[in-house]
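Novice: Here the sequence shown stands for residues 31 to 335, numbered as in my numbering.
Positions of the beta carbon are idealized from the N, C-alpha and C atoms, including for glycine.
Just so it is clear, the structure is predicted and the values come from calculations on it, not from any experiment.
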Amino acid sequence: MLESKWIWMNGKQVEWSNAKIHVLTHAFHYATAVFEGIRCFETDEGPAVFRLSEHINRFFDSMKIYMMHGTFSFDEVRNAIKETVSINGLKECYIRPIAYYSYGEMGLNPLPNKVELAISVWEWPSYLGEKAEREGLKCQVSSWRRIHSSALPPQAKATANYANSALAKIEALKGKYDEAILLNMDSMVAEGTGENLFRVKDGILSTPPASSGVLRGITRDTIIKVAKDRGIEFWRNDLSREELYTSDELFLTGTAAGVTPVREVDGRAIGLRPGEWPVSLRLKEAYLDIVHGRDSKYRSWLDFV
Ligand SMILES: Cc1ncc(COP(=O)(O)O)c(C=O)c1O
Numbered sequence: 031m032l033e034s035k036w037i038w039m040n041g042k043q044v045e046w047s048n049a050k051i052h053v054l055t056h057a058f059h060y061a062t063a064v065f066e067g068i069r070c071f072e073t074d075e076g077p078a079v080f081r082l083s084e085h086i087n088r089f090f091d092s093m094k095i096y097m098m099h100g101t102f103s104f105d106e107v108r109n110a111i112k113e114t115v116s117i118n119g120l121k122e123c124y125i126r127p128i129a130y131y132s133y134g135e136m137g138l139n140p141l142p143n144k145v146e147l148a149i150s151v152w153e154w155p156s157y158l159g160e161k162a163e164r165e166g167l168k169c170q171v172s173s174w175r176r177i178h179s180s181a182l183p184p185q186a187k188a189t190a191n192y193a194n195s196a197l198a199k200i201e202a203l204k205g206k207y208d209e210a211i212l213l214n215m216d217s218m219v220a221e222g223t224g225e226n227l228f229r230v231k232d233g234i235l236s237t238p239p240a241s242s243g244v245l246r247g248i249t250r251d252t253i254i255k256v257a258k259d260r261g262i263e264f265w266r267n268d269l270s271r272e273e274l275y276t277s278d279e280l281f282l283t284g285t286a287a288g289v290t291p292v293r294e295v296d297g298r299a300i301g302l303r304p305g306e307w308p309v310s311l312r313l314k315e316a317y318l319d320i321v322h323g324r325d326s327k328y329r330s331w332l333d334f335v
């Protein structure tokens, strides 16, 4: 990874190489941590964090689910994020706030342990790989199912959930795919390992509902709003595995992954013609214009550093 200089830890800027936690930290053993993935983009008016308030709200919702209380306020987290981007002198970066049950008591009850917070930022231009992002993703429907809310709350962006994603990702990469698509326990499509999924068929855009077990992605929400603003018909509905294969277009969305077309699922080419994904690319361009401050209509989504 591309290292930066400073990491914010519990109110202080600490040098990157000194930002350490104890090996007996509760979260390290029991995955009792929640996090966010946010991006800061370069604009003509300087670096701007995209939809920062929505990300902090989701972070606080995740903390609430895991009963993490008494840490920092919304404004303190917001200021700390902007300060950390600024002090590292980055124009564009990925931002990773994490809240975790710290060192103190072992055993499964996390509540006796203090909740600590850290914010790291680093340059991460391409998450899925430049080639795959340019040429479209080769995806596999995973043999792993997306976690069900009866076992782990999918709406909390908790580190625990990502063991599920990591297993699916390993399987996909070992099989020479770029990314996995997970079905839920009802065999309906959920999402990628760290991305939401959209389908285009006969000019209609659709995505699985939150009840399918997906994370309510902020990029997903952005694409839904932008598509509606552009008059694209949109449905939120369950998708079956075969509807993936018969899509005119498929694309994945996420803060890390951006808006990335899928070119193949389980060996079936996606698209009316190879490499032609008009709706996906139109929405991708719209997204890039918005995050880089080139579309004044959505300026309120930018939080300037
Ligand atoms: C499992 C999962 N789904 C979807 C997303 C996309 O969410 P967002 O667009 O808010 O980054 C992410 C990334 O955070 C994720 O980890």
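If we ignore side chains and look at the alpha-carbon of each, how far apart do residue 23 and residue 176 end up?
Specialist: Since the displayed the chain opens at 31 and closes at 335, residue 23 lies outside it and no answer follows.
Novice: Between which two residues does the alpha helix (DSSP H) carrying residue 93 extend?
Specialist: Position 63 of the sequence shown, counting from 1, holds the residue named residue 93. From DSSP, the alpha helix (DSSP H) with residue 93 extends over 82 to 95.
Novice: Could you check whether residue 280 and residue 230 sit closer than 9 Å to each other, using their CB atoms as the reference points?
Specialist: If you number the sequence shown from 1, residue 230 lands on position 200. If you number the sequence shown from 1, residue 280 lands on position 250. Yes, these two residues count as a Cβ contact at 9 Å.
Novice: Whole-angstrom Cβ separation of residue 126 and residue 205, contact assumed at under 8 Å?
Specialist: On the sequence shown, residue 126 is found 96 positions in, with the first residue counted as 1. On the sequence shown, residue 205 is found 175 positions in, with the first residue counted as 1. In fact, because the Cβ distance is near 28 Å, the residues do not count as touching under 8 Å.
Novice: Which value, in whole angstroms, describes the spacing of the CA atoms of residue 288 and residue 81?
Specialist: Counting from 1 along the sequence shown, the entry for residue 288 is found at position 258. Counting from 1 along the sequence shown, the entry for residue 81 is found at position 51. So the alpha carbons of these two residues sit roughly 14 Å apart.
Novice: Which of helix, strand or coil does DSSP assign to residue 211?
Specialist: The residue labelled residue 211 in the question sits at position 181 within the sequence shown. The DSSP-derived three-state label of residue 211 is strand.
Novice: Is residue 310 near residue 269, with beta carbons less than 9 Å apart?
Specialist: What you label residue 310 is simply residue 280 of the sequence shown in a count that begins at 1. What you label residue 269 is simply residue 239 of the sequence shown in a count that begins at 1. With respect to the 9 Å criterion, residue 310 and residue 269 are not classified as neighbours on the basis of their beta carbons.
Novice: Do you know how far the Cα of residue 186 is from the Cα of residue 91?
Specialist: The residue you call residue 91 lines up with position 61 of the sequence shown. The residue you call residue 186 lines up with position 156 of the sequence shown. Distance between the alpha carbons of residue 91 and residue 186: 7 Å.
Novice: Given a threshold of 16 other Cβ atoms within 10 Å of its Cβ, counted over all protein chains shown, does residue 139 qualify as buried or as exposed?
Specialist: Residue numbering aside, residue 139 sits at position 109 when the sequence shown is read from its first letter. By the C-beta density criterion, residue 139 is exposed, having fewer than 16 other C-beta atoms within 10 angstroms.
Novice: Go ahead and pull the three-state DSSP assignment for residue 223.
Specialist: Counting from 1 along the sequence shown, the entry for residue 223 is found at position 193. Looking at residue 223 - three-state DSSP - the assignment turns out to be coil, as it is neither helix nor strand.
Novice: Flag this pair as touching only if the stretch 56 to 70 and the stretch 92 to 103 have three or more C-beta atom pairs under 8 Å; answer yes or no.
Specialist: yes
Novice: Whose C-alpha, out of 130, 105, 124 and 246, is nearest the C-alpha of residue 52?
Specialist: Counting from one through the sequence shown, the residue named residue 52 turns up at place 22. Measuring from the Cα of residue 52, the nearest candidate turns out to be 130.
Novice: Could you pull out every residue in the same chain whose Cβ sits closer than 6 Å to the Cβ of residue 298, ignoring the five residues on either side in sequence?
Specialist: For the purposes of this step, residue 298 is identified with residue 268 of the sequence shown, where counting begins at 1. These residues qualify, in order along the chain: 275.
Novice: Please report how far the alpha carbon of residue 34 lies from the alpha carbon of residue 199, in whole angstroms.
Specialist: By one-based count along the sequence shown, residue 34 stands at place 4. By one-based count along the sequence shown, residue 199 stands at place 169. The straight-line gap from Cα to Cα measures roughly 26 Å.
Novice: For the beta strand (DSSP E) containing residue 129, name the first residue and the last one.
Specialist: What you label residue 129 is simply residue 99 of the sequence shown in a count that begins at 1. 123 to 131 is the extent of the beta strand (DSSP E) around residue 129.
Novice: What residues in its chain sit with their C-beta under 8 Å from that of residue 174, if we drop five residues either side in the sequence?
Specialist: Taking the first residue of the sequence shown as 1, we reach residue 174 at position 144. Hits under 8 Å: 194, 197, 198, 201, 210 and 212.
Novice: Compute the Euclidean distance between the alpha carbons of residue 216 and residue 265, then round it to the nearest angstrom.
Specialist: Translated into positions along the sequence shown, residue 216 becomes position 186. Translated into positions along the sequence shown, residue 265 becomes position 235. Distance between the alpha carbons of residue 216 and residue 265: 20 Å.
Novice: Please tell me whether, using a cut-off of 8 Å, the distance from the CB of residue 221 to the nearest non-hydrogen atom of ligand 1 is below it.
Specialist: By 1-based counting over the sequence shown, the position of residue 221 is 191. It does: the Cβ of residue 221 is within 8 Å (strictly closer) of some heavy atom of ligand 1.
Novice: Take the Cβ of residue 208 as the centre, count every other Cβ of all protein chains shown within 10 Å, and call the residue buried at 16 or more, exposed below.
Specialist: Within the sequence shown, numbered from 1, the residue matching residue 208 stands at position 178. Residue 208 is buried by the Cβ-count criterion.
Novice: Using the C-alpha atoms, what's the distance from residue 146 back to residue 37?
Specialist: Working through the sequence shown from its first residue, we reach residue 37 at position 7. Working through the sequence shown from its first residue, we reach residue 146 at position 116. Distance from the CA atom of residue 37 to the CA atom of residue 146, rounded to whole angstroms, is 13 Å.
Novice: Would residue 99 be called buried (16 or more neighbouring beta carbons within 10 Å of its own) or exposed?
Specialist: Numbered from its first residue, the sequence shown carries residue 99 at position 69. Result: exposed.
Novice: Between residue 285 and ligand 1, is there a pair consisting of the residue's CB and a ligand heavy atom that are separated by less than 8 Å?
Specialist: If you number the sequence shown from 1, residue 285 lands on position 255. Yes; taking the cut-off as 8 Å, the Cβ of residue 285 has a heavy atom of ligand 1 nearer than that.
Novice: Would DSSP call residue 253 helix, strand or coil?
Specialist: As a working note, residue 253 is residue 223 in the sequence shown. The answer is helix: DSSP assigns residue 253 an H, G or I state.
Novice: So, is residue 232 buried or exposed, given that buried needs 16 or more other C-beta atoms within 10 angstroms?
Specialist: On the sequence shown, position 202 is the one that residue 232 refers to. That one is exposed.
Novice: Nearest CA to the CA of residue 119: which residue from 277, 315, 135 and 78?
Specialist: Along the sequence shown, read from residue 1 onward, the residue named residue 119 stands at position 89. Closest option to residue 119, Cα to Cα, is 78.
Novice: Is residue 201 near ligand 1 - that is, is its Cβ less than 8 Å away from at least one heavy atom of it?
Specialist: As a working mapping, residue 201 is identified with position 171 in the sequence shown. The answer is no for residue 201.
Novice: Let me know if residue 106 comes out buried or exposed under the rule of 16 or more other beta-carbons within 10 Å of its beta-carbon.
Specialist: Taking the sequence shown and counting its residues from 1, the one referred to as residue 106 is at position 76. The residue in question, residue 106, is exposed, as its Cβ has fewer than 16 Cβ neighbours within 10 Å.
Novice: Near residue 262, what residues of its chain come up, given a Cβ to Cβ distance below 6 Å and the 5 sequence neighbours on each side ignored?
Specialist: For the purposes of this step, residue 262 is identified with residue 232 of the sequence shown, where counting begins at 1. Answer for residue 262: 235, listed in chain order.
Novice: Grab me the residues of residue 259's own chain with a C-beta within less than 8 Å of its C-beta, minus the 5 sequence neighbours each way, in chain order.
Specialist: Counting from 1 along the sequence shown, the entry for residue 259 is found at position 229. Beyond the five residues adjoining it in sequence on each side, residue 259 comes within less than 8 Å, by CB distance, of 327 in the same chain, given in chain order.
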